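According to this note's numbering, the sequence shown is numbered sequentially starting from 9. Even glycine gets a Cβ: it sits at the ideal position worked out from N, Cα and C. Being a predicted model, the structure only gives us computed values, none of them experimental.
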Amino acid sequence: METTMTFEYAPAPESRAIVTIKPKYGHFIGGKFVPGGKHFPTINPATEEVLSQIARGGKADVDAAVKAARKAYANTWSKMSGKERGKYLYRIARIMQERAREFAVLETLDNGKPIRESRDTDIPLAAAHFFYHAGWADKLEYAGLGTSPKPLGVAGQIIPWNFPLLMLAWKVAPALAAGNTVVLKPAESTPLTALLFAEVCQQAELPAGVVNIVTGDGSTGALLVNHPGIDKIAFTGSTEVGKIIARAVAPTKKSVTLELGGKAANIVFDDAPIDETVEGIVNGIFFNQGHVCCAGSRLLLQENVAEEVLHKLKNRMEKIRVGDPMDKNTDVGAINSKEQLAKIIELSAVGDSEGAERWSPACNLPSKGFWFAPTIFTGVTQAHRIAREEIFGPVLSVLTFRTPQEAIEKANNTPFGLSAGIWSEKGSRTLWASQQLRAGVIWANTFNKFDPTSPFGGYKESGWGREGGRHGLSAYLKGVSHE
Ligand code: NAI
Ligand code: MG
């Protein structure tokens, strides 16, 4: 008789005792917390518990923050040597490491992502971005970006909710290393780690006004974009808002970088190592609930291995643990907001009505909070909306192909071009495919690997410019090509 043993996991909750959340927050302007006017709640999407009241920045707040940033730029930061600036960045990086657990717990509470991911990915990578850019601060002359590279001035930075602290680090670290000062607006559903970061700036004794944080929603973001005292806008978020920003800055002298959406092809050739590939597919789409701009959301399977891959993928998906983000065993946490959940539900329903076949493992989803079971759609064609639009959730669209050329054509048939994945044991095929793919980041036999030294960014509607590496640094310096 065959017996299968399954081991249930006992709950392993992380304690939230390490964080102190104030009932209400203001903005961080000129090195101080200043009271806000109107407030709105930020919630824990796994429980719908209100965590705190967040200030909605208006015109006067944005204006004060831009003025503080300008003053700090003119009087302090642009006059300081790169070596001195670097010391502050190293200090921030070290404090972030020291307070990593606090940041991880707060990120998970405010965002809904599993503590395992905030602890092992978001926070260490955010600190790594500060360490990396700290190293550049006194070496800008040697970066191959001109003999005497100069900062742009004041940068307005607007970030999304999917990697709140990490996106802050992607924006703030290169800006400061290059000698700019910043006004940053975190996303309305995830402002808490940015506000904790403000405390870190105080703790590091960063000169007042070098980093300013104004909280609020899209209307606050728009005020920042349209403020005449801003020299550069850096944005990560939806392609829709990216287009609004591009139109707003077009008639101005503002520089702009846009990190927008994606619909990445994850291509599996028939010589791929199938078991490893299945892990990569799962990581590609279910990491961070699929709230990832570079997620491998279109799986392209070579026809002769499609059945085997799908069989193994479904088996693997049965083992994904969905639930309490604070549990150290959780793989997939809560959907970040009610609005995002509605969008995922709506696009998945379009998948059903267009004739694709939906499959999810049995999941016991919590009754409170926002949840969506890991889902795959098979029988998807290129015309389907779920093959074309960013779902930004744990939903994978599966297509097949017969020849490598067909895989490339299908992969490139998208308005986006942020990332792609290639699974093959043949190096020549991987190199050939990577040269044909129109995507800013291409992973081979892995997925969702990030490193501060490696430039990240897209083609077409995925955005303008690069973040990370020397390319990302150049986007905060005058007169340097941004591509
Ligand atoms: P969003 O683009 O509206 O929000 C991103 C940031 O931009 C937030 O801080 C928001 O307050 C701000 N913002 C909104 N409107 C603005 C405006 N007119 N001017 C300046 N700033 C503005 O994204 P949202 O609504 O949260 O998500 C909608 C969809 O966007 C998602 O379903 C997903 O497909 C995509 N998205 C992509 C992201 C990425 O990393 N590429 C991140 C977040 C969302
Ligand atoms: Mg929240």
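Proximity test, residue i beta-carbon vs ligand 2 heavy atom, cut-off 7 Å
i    : result
P53  : yes
D118 : yes
T223 : no
T50  : yes
Exposure of residue i, with buried meaning 16 or more beta-carbon neighbours within 10 Å
i    : result
Q165 : buried
S263 : buried
A357 : exposed
K179 : buried
Y17  : exposed
H479 : buried
G466 : buried
G473 : buried
Y150 : exposed
D69  : buried
H319 : exposed
L192 : buried
T155 : exposed
Q413 : exposed
P172 : buried
I26  : exposed
D283 : exposed
D459 : exposed
M9   : A caution first: M9 carries a pLDDT of 49, below 50, which makes its placement in the model unreliable, though a value can still be read off. The residue is exposed, with fewer than 16 neighbouring Cβ atoms inside 10 Å.
F15  : exposed
Q443 : exposed
A370 : exposed
A314 : buried
E115 : buried
E106 : exposed
P31  : exposed
I430 : buried
E491 : Residue confidence is low: E491 scores 40 on pLDDT, short of 50, so the model does not pin down where it sits. Its coordinate-derived value is still stated next. Burial call: exposed.
Nearest neighbour of residue i, chosen from the options [CA to CA]
i    : options                : result
I123 : G237, K336, E287, T198 : K336
L321 : G331, V330, D332, L309 : L309
K46  : N52, A63, K40, I37     : A63
G65  : G226, P460, W451       : G226
R24  : T247, D332, I100       : D332
W85  : L204, K271, V218       : V218
A177 : L481, T338, G487       : L481
G435 : F277, G270, V208       : F277
F409 : P402, A72, K418, G288  : K418
G341 : S246, F378, I167       : F378
A350 : G401, C371, T260, W367 : G401
K376 : S89, G120, K67         : G120
G39  : P215, E106, A280       : P215
G304 : W451, A483, S246       : W451
V317 : I275, E347, D339, K346 : I275
S470 : K79, G270, R109        : G270
D130 : M175, P159, A145       : M175
Residue i beta carbon near ligand 1 (any heavy atom closer than 7 Å)
i    : result
L268 : yes
G44  : no
P281 : no
Q348 : yes
T244 : yes
N170 : yes
V257 : no
F400 : yes
V358 : no
A230 : yes
V249 : yes
V233 : yes
K322 : no
I62  : no
I430 : no
A195 : yes
K351 : yes
G226 : yes
I394 : no
I167 : yes
C209 : no
I301 : It should be pointed out that residue 301 corresponds to Cys in this sequence rather than to Ile. Indeed, a heavy atom of ligand 1 lies less than 7 Å from the Cβ.
Beta carbon proximity, residue i to chain D, threshold 8 Å
i    : result
M325 : Protein chains in the displayed structure number just one, and chain D is not present.
Contact test: residue i Cβ vs ligand 4 heavy atom, cutoff 7 Å
i    : result
T198 : The model on display carries ligand 1 and ligand 2 but not ligand 4.
**Study point:** Touch test, the segment 87–96 against the segment 36–56, Cβ-Cβ under 8 Å, three pairs minimum
**Key:** no
Review point. Given 8 Å as the limit, is there contact between the segment 384–400 and the segment 416–429, that is, 3 or more CB pairs closer than that?
Key: yes
Exercise for review: Check whether the segment 131–148 touches the segment 179–189, taking contact to mean three or more Cβ pairs, one atom from each stretch, closer than 8 Å.
Suggested key: yes
Point to revise | Three CB pairs or more closer than 8 Å across the segment 280–296 and the segment 447–461 | key: The segment 280–296 is in contact with the segment 447–461.
Check your understanding: Can we say the segment 385–394 touches the segment 236–253, given the rule of at least three CB pairs closer than 8 Å?
Key -> no
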